[in-house]
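Residue 80 in the UniProt record's numbering sits at position 80 of the sequence shown, and the numbers go up by one each step.
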Amino acid sequence: MWNRSILALSSGVDLARRFTCTAAAGGVGSGLLLGSVLLVHESKEETTKKPWTVEYPSATKSHNEFDFSRRIVSDFDKTGLNLKFYQYQSCPFCCKLRAFLDYYGFSYDVIEVNPVTKSQIKFSPDYKKVPILHSSCCEKPLVQSSLIISMLKTYLLRKDATLPSVLELYPPHTTVDPKSKKPLVTYPNQFVIMPEGKIGTHEELQNIREEREIREWVDDWFIHLISPNVYRTWSESLETFRHFDKVGDWERNFSTVGRYMAIYIGAAFMWQISKILKKRHKIDDERKALSDAIEFFLSTKGPDRKFAGGNNPNLADLSLYGALNSFAGCTAYNQLRVNNAFCEWFDAVDTAVKEKRGRKLLEEKCKNLK
Numbered sequence: 001m002w003n004r005s006i007l008a009l010s011s012g013v014d015l016a017r018r019f020t021c022t023a024a025a026g027g028v029g030s031g032l033l034l035g036s037v038l039l040v041h042e043s044k045e046e047t048t049k050k051p052w053t054v055e056y057p058s059a060t061k062s063h064n065e066f067d068f069s070r071r072i073v074s075d076f077d078k079t080g081l082n083l084k085f086y087q088y089q090s091c092p093f094c095c096k097l098r099a100f101l102d103y104y105g106f107s108y109d110v111i112e113v114n115p116v117t118k119s120q121i122k123f124s125p126d127y128k129k130v131p132i133l134h135s136s137c138c139e140k141p142l143v144q145s146s147l148i149i150s151m152l153k154t155y156l157l158r159k160d161a162t163l164p165s166v167l168e169l170y171p172p173h174t175t176v177d178p179k180s181k182k183p184l185v186t187y188p189n190q191f192v193i194m195p196e197g198k199i200g201t202h203e204e205l206q207n208i209r210e211e212r213e214i215r216e217w218v219d220d221w222f223i224h225l226i227s228p229n230v231y232r233t234w235s236e237s238l239e240t241f242r243h244f245d246k247v248g249d250w251e252r253n254f255s256t257v258g259r260y261m262a263i264y265i266g267a268a269f270m271w272q273i274s275k276i277l278k279k280r281h282k283i284d285d286e287r288k289a290l291s292d293a294i295e296f297f298l299s300t301k302g303p304d305r306k307f308a309g310g311n312n313p314n315l316a317d318l319s320l321y322g323a324l325n326s327f328a329g330c331t332a333y334n335q336l337r338v339n340n341a342f343c344e345w346f347d348a349v350d351t352a353v354k355e356k357r358g359r360k361l362l363e364e365k366c367k368n369l370k
């Protein structure tokens, strides 16, 4: 039995991310209403039918009696893709993909993966990273967030294309890792969108190039700034994993032992890893590097554009927004909000994602599938 919940779109959602995520002796402070969690209004009886809803398993069931954490149901999605999304709620790569799925109005099931045991993805012995997206239309699961985003955007833009036919446009390239000597699979065109027809104007080509370059920058640089900022001390690392506990609804999704293992083992592990990552990426001052990265994006976008995509978010906006949303509500994020230009851009993307403003493209695709 499922309890149906309506997405809350009130202004209180936007105020929530302004609070600071603080650690306290007895738990996490009162500021843990976070941008990266789907805020819902739970109701046993629906009084107003909405075009998209979130469904949760019945609270009477134990954590191992259902296959997923929540179900996003969109009346706009008639594709029949039956998407299952294996994720960590606050993983930046997962947040990127989730922002894309929500903006365009896809339906999908969310399976929260335990970051320590990873038991939920035991079906994938050779690939243990998230996100993993599974569709009933495809024999193999889709992997790598930017690749999945490019595939799905191409799928939306090609009027009669099936998802399996789109996958063929993104062939893997296999080499041998010089260090491990193991096969290394890459996708050279993972950031490339392949619409039907030709790109017309010089301006369109420039916009496509800029979008791709920003997406690459998010993956190759910006995301590497997150761990040194949110795990830089033991207290911040523990604060962050308590954040994950709340926004990932681990109490509902994991056993008690699995939940506490994820919090404390994960916090200790990532505290140490953050030091390695900081050194590897030659980051001297992690807070300054994060602030400088935001300034770089804002200057690239310029003051005359609401979004990098112009009047509407494009994949560059959604990618950076998703990465930022992975730690929205924590100290490092809140320190960014002194920048008014950043706040205006982030909040505008946030609203566009929550309102699924890209849904017209999905609706057109579904009409062509009939």
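C-beta: ideal position from N, C-alpha, C; glycine also.
{"Asked": "Selection from S235, Y108, F93 and F100 that minimises the alpha carbon distance to Y56", "Found": "Y108"}
{"Asked": "Local Cβ density within 10 Å of V257, reported as buried at 16 or more and exposed below that", "Found": "exposed"}
{"Asked": "Proximity to H134 [Cα-Cα], best of F68, L156 and P178", "Found": "F68"}
{"Asked": "Alpha-carbon to alpha-carbon, L97 and S291", "Found": "23 Å"}
{"Asked": "Straight-line gap, Q206 to E216 (C-alpha atoms, nearest Å)", "Found": "15 Å"}
{"Asked": "Sheet register partners of I72 (DSSP bridge)", "Found": "V54 and Y108"}
{"Asked": "Beta-carbon spacing of F85, S145 below 8 Å", "Found": "no"}
{"Asked": "Alpha-carbon to alpha-carbon, N229 and P115", "Found": "19 Å"}
{"Asked": "Cβ neighbour criterion (16 or more within 10 Å) applied to V110", "Found": "buried"}
{"Asked": "C-alpha distance - I132 paired with K282, whole-angstrom precision", "Found": "30 Å"}
{"Asked": "Residues of its chain near H63, where Cβ-Cβ distance is below 8 Å and the 5 sequence neighbours each way are ignored", "Found": "Note that H63 scores 44 on pLDDT, short of 50, meaning its location in the model is unreliable and no value can be drawn from it."}
{"Asked": "Distance, R158 Cα to K365 Cα", "Found": "8 Å"}
{"Asked": "Segment limits, beta strand (DSSP E) that includes Y173", "Found": "Checking the displayed sequence, the identity of residue 173 turns out to be His instead of Tyr. Run containing H173: H173 to V176, per the beta strand (DSSP E) assignment."}
{"Asked": "Rounded separation between F130 and P303 - CA only", "Found": "In the sequence on display, residue 130 carries Val and not Phe. Cα-Cα distance, rounded: 35 Å."}
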